[in-house]
Every structure is written in structure tokens, then in C-alpha cells.
Amino acid sequence: FADIDLAETAGWVFDTDVNANIQNNLSATTTQAATSAMIEKKFGAIGIEVTVVPVPAAVWLFMSALGLLGSLRMRRTG
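Per the working numbering, the very first residue in the sequence shown carries number 2; after that it's consecutive.
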């Protein structure tokens, strides 16, 4: 059997917000007289990783016990 400490689950919260601020400053200057200029910009990406919060095993055990009790009651009454 797994050793489960339910006191650790008290601090679990739901995060539903993601904030991202992106600032893009681009400037080009030259001291030479030129007929053409080129600015190359590369794309940058931001990745957000969302981790799965495990459901305590006690919930699954409780639901299976309720199902078992419900099926036993249905068997006795009908």
C-alpha cells in the first residue's frame, strides 16, 4: 500500500492565470551614407509547462467504496 499524507494536500490551489509581458525594442543607426540597410529579426517563443496535480488515492478509494455499497444495496432490494 502507498503511504499517503493527506496533510500535504491542504496547500493545493488552482492556477488559472498566465501573465506574459513582451517588450520589443528595435533601433538602427548608421554613421555612413548608404543606399540600403537591412535589419534582421529573429522570432522568440515562450513556453509554459503545466503540471498535472495528482488526485489523492483516498478519493478513488472512497468512490469505489460508494459504488460497491450502491451495488450491494441494489442487489438486496431487487
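Even glycine gets a Cβ: it sits at the ideal position worked out from N, Cα and C. For clarity, every value in this text was computed on a predicted model and none was experimentally measured.
Out of the options, which one is the CA nearest neighbour of residue i?
i, options, result
"N26", "I40, T32, P57, T78", "I40"
Identify, in the order they occur along the chain, each residue of the same chain with its Cβ nearer than 7 Å to the Cβ of residue i, setting aside the five sequence neighbours on each side.
i, result
"L67", "none"
"R77", "none"
Under the rule that 16 or more other beta-carbon atoms within 10 Å means buried, what is residue i, buried or exposed?
i, result
"F2", "In this prediction, F2 scores a pLDDT of 45, lower than 50, which makes its location untrustworthy; the coordinate-derived value is nonetheless stated afterwards. Classification of F2: exposed, given that the 10 Å Cβ count is below 16."
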